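The next block holds one structure in the form of structure tokens; read it before the comments.
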Amino acid sequence: MARVLAWAILPFLAALVWTGIITALLILWLATGTPHYKQDEAPIVYISDVGAKYKTLFIVGTATTSALYVGTLLADFILRSLGYLPERRQRRETIDAVLSILFGFLAAACLTLLAIFDALNHSSLHWGLTLGFIFSLACSAGFKVAELRRLRKDHWGIRALWRSFRTKLVLVIFAIGLTIAMIVLMSICTSDPSRPEYCDSQHSAAAVCEWVAAYVTAAYFLSLVSDFRVGGHPRAAALEEVRVGPWGQRDSNVTLDTRGRQYY
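Mapping to this note's numbering: the sequence shown position 204 is 184, numbers consecutive.
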């Protein structure tokens, strides 16, 4: 149990580092009098603009977060394969897990590169990498949610899987909604910038969506900690896992774990 919980430090640190970086950038922007880093910039700036101003801090933070997130996905995959976490019993679960890791690697690469190619000096490339990060992280999280959905069907007796699934699903839907709102608000004045005050309000609203989405991302990283709490250890003797139905009834006649694994 302790061996499994030790790996929970990875997603915890990912959430902590990401929250720290975003909060530090926000405080630095506020402490310096909410400056505009570009001409005709809206009153509320994007994370990317502040990150370009404090580039070294931004690069270190994004690179560290990326490494911790990928490490979390790999640790989860290996521990499930070894039976220290509720194991995958369907081929589709393995496919979901592998796709989550692959998109996680892509999201990590985009996140690190978008900090290197900042918004002030490489605007087009930066925002392209930003979209790549958003899409890849959404796919990685989506496949993780799909994996948990299948796992909870195979392990009805483990309520923590159901809670983890619901939490991640809500966070993913919320983050996607904020991202869509941000993109729509950013694009409103792209073709018709003739109303500067109106455009400023739209870009400010888009920036707010980006800041909030960043904190929701931190909450998603933190939700990965709970997956390592459903840990156990292989047992030599076969153990019976009690199945819990949708109305809470218990069917002790259904044996789900015949490989001798007990989970907490």
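Here a beta-carbon is modelled for each residue, glycine too, at the ideal position from N, C-alpha and C.
A quick note: this is a predicted structure, and the numbers were derived from the prediction, not measured.
Tell me whether the beta-carbon of residue i lies closer than 8 Å to the beta-carbon of residue j.
| i | j | result |
| --- | --- | --- |
| Glu127 | Met162 | no |
| Tyr88 | Val40 | The amino acid occupying residue 88 in the given sequence is Ala; Tyr does not appear at that position. Against a cut-off of 8 Å, the Cβ pair of Val40 and Ala88 comes out as no contact. |
| Leu158 | Val192 | yes |
| Ser46 | Phe83 | no |
Going by other Cβ atoms of all chains shown within 10 Å of its Cβ, with 16 needed for buried, is residue i buried or exposed?
| i | result |
| --- | --- |
| Met194 | Reading off the sequence, residue 194 comes out as Ala, not Met. Counting Cβ neighbours within 10 Å, Ala194 comes out buried, since at least 16 surround it. |
| Asp20 | exposed |
| Ala(-14) | exposed |
| Leu48 | buried |
Let me know the secondary structure DSSP gives residue i once reduced to three states.
| i | result |
| --- | --- |
| Leu79 | helix |
| Tyr49 | helix |
| Arg146 | helix |
| Trp9 | helix |
| Cys169 | coil |
| Ala(-12) | coil |
| Leu100 | coil |
| Ile138 | coil |
| Leu54 | helix |
Would you give the residue range spanned by the alpha helix (DSSP H) that residue i belongs to?
| i | result |
| --- | --- |
| His16 | Counting along the chain, His16 falls outside any alpha helix (DSSP H), and DSSP gives it neither H nor E. |
| Cys119 | 103 to 134 |
| Ile24 | Neither: Ile24 is in no alpha helix (DSSP H) and is coded neither H nor E. |
| Leu202 | 176 to 203 |
What's the gap between the Cα of residue i and the Cα of residue j?
| i | j | result |
| --- | --- | --- |
| Val205 | Ala22 | 37 Å |
| Phe201 | Phe(-8) | 7 Å |
| Ile7 | Lys133 | 44 Å |
| Leu79 | Ile96 | 26 Å |
| Leu10 | Asp29 | 13 Å |
| Leu165 | Ala155 | 15 Å |
| Gly31 | Arg69 | 43 Å |
Beta-carbon of residue i versus every beta-carbon of chain E: anything under 8 Å?
| i | result |
| --- | --- |
| Ser184 | The chain inventory of the structure shown lacks chain E, comprising one protein chain alone. |
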